[in-house]
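I have placed the structure first, in the form of structure tokens, so that the comments after it can refer back to it.
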Amino acid sequence: LMLRDYLWLKHKMAHVPRFLRSVVLSPFGYVIALIARTIPSTFRGEHKFTARITTVGDEAYYVDPRRGDWAIHRPRGTVLYEGDAGILSFGSVPFYGGGVQLFPFAGLARSGMAHLRLAKINPVVGALRMPSIWQGRFRDPSKVFDFLFSEVIIELNRKVPVQHSGELEAEVQRLRIRVHPD
Numbered sequence: 008l009m010l011r012d013y014l015w016l017k018h019k020m021a022h023v024p025r026f027l028r029s030v031v032l033s034p035f036g037y038v039i040a041l042i043a044r045t046i047p048s049t050f051r052g053e054h055k056f057t058a059r060i061t062t063v064g065d066e067a068y069y070v071d072p073r074r075g076d077w078a079i080h081r082p083r084g085t086v087l088y089e090g091d092a093g094i095l096s097f098g099s100v101p102f103y104g105g106g107v108q109l110f111p112f113a114g115l116a117r118s119g120m121a122h123l124r125l126a127k128i129n130p131v132v133g134a135l136r137m138p139s140i141w142q143g144r145f146r147d148p149s150k151v152f153d154f155l156f157s158e159v160i161i162e163l164n165r166k167v168p169v170q171h172s173g174e175l176e177a178e179v180q181r182l183r184i185r186v187h188p189d
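For the sequence shown, the working numbering assigns the number 8 to the initial residue and increments by one for each residue that follows.
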């Protein structure tokens, strides 16, 4: 959401004086977008969506948060998750960027698999628990759900932004993700 809000702010700055635009088009612009749009919309619950994630690949596993190294096989066609969420992300390496270990179980996955993580935590809880989230140690089996997968279909109740490699790619309501082996 923050990237989308930053792009909105950047668009709004097209016709303002150059010196002001240069401030907004710097990393400080992300802070402005976060404070002006992302945080208020999050507190209004606008970040929430309903997701249904179904495995359609050969391999999928639920990662037990009590251990973190225990993966429970889920057969093809299994609904891995159905319910509310505030963030859904996936990666094939543990680190998101800037040292953030958003996908701590990606190292368990074989080639051709990725770590899918979704969460339904309150933004205040997220802010307070940021050090443990940053280090990949945050666990709450009722709020954070981790899966390893080779191919899934994600269906959402509304369009949400999709970000890839730091760029906003599209807003989608349905997405099929297939991980190719190295």
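C-beta: ideal position from N, C-alpha, C; glycine also. Quick caveat, the model's predicted, so the values are computed rather than measured.
Neighbourhood of residue i by C-beta, 8 Å cutoff - its chain only, sequence neighbours within 5 removed
i: residue 83; result: 62, 63, 64, 65, 67
Cutoff 7 Å; reference residue i; Cβ partners in own chain excluding five residues on either side
i: residue 164; result: 56, 57
Segment limits, beta strand (DSSP E) that includes residue i
i: residue 168; result: 158-171
i: residue 23; result: Counting along the chain, residue 23 falls outside any beta strand (DSSP E), and DSSP gives it neither H nor E.
i: residue 184; result: 174-185
i: residue 145; result: Segment: none, residue 145 is in no beta strand (DSSP E) and carries neither H nor E.
i: residue 58; result: 56-62
Close Cβ partners of residue i (< 6 Å) along its chain, the five nearest in sequence each way excluded
i: residue 178; result: 166, 168
i: residue 143; result: 108, 111
Residue interval of the alpha helix (DSSP H) (run including residue i)
i: residue 50; result: 46-50
i: residue 39; result: 34-40
Any non-hydrogen atom of the ligand MN within 7 Å of residue i CB
i: residue 14; result: The model depicted lacks the ligand MN and carries no ligand whatsoever.
Residue j beta carbon less than 8 Å from that of residue i
i: residue 10; j: residue 125; result: no
i: residue 98; j: residue 115; result: no
i: residue 15; j: residue 51; result: no
ask   = Per the contact definition of three or more C-beta pairs closer than 8 Å, is the region 124-142 in contact with the region 87-106?
value = yes
request  = Assess, as a yes-or-no matter, whether the region 149-159 is touched by the region 177-188 under the definition of 3 or more beta carbon pairs within less than 8 Å.
outcome  = yes
request  = Count the C-beta pairs between the region 71-81 and the region 135-148 that are closer than 8 Å, then say yes if the count reaches three, no if not.
outcome  = yes
key: Those runs of the alpha helix (DSSP H) which lie wholly inside the region 69-138 and span at least 4 residues   = 130-135
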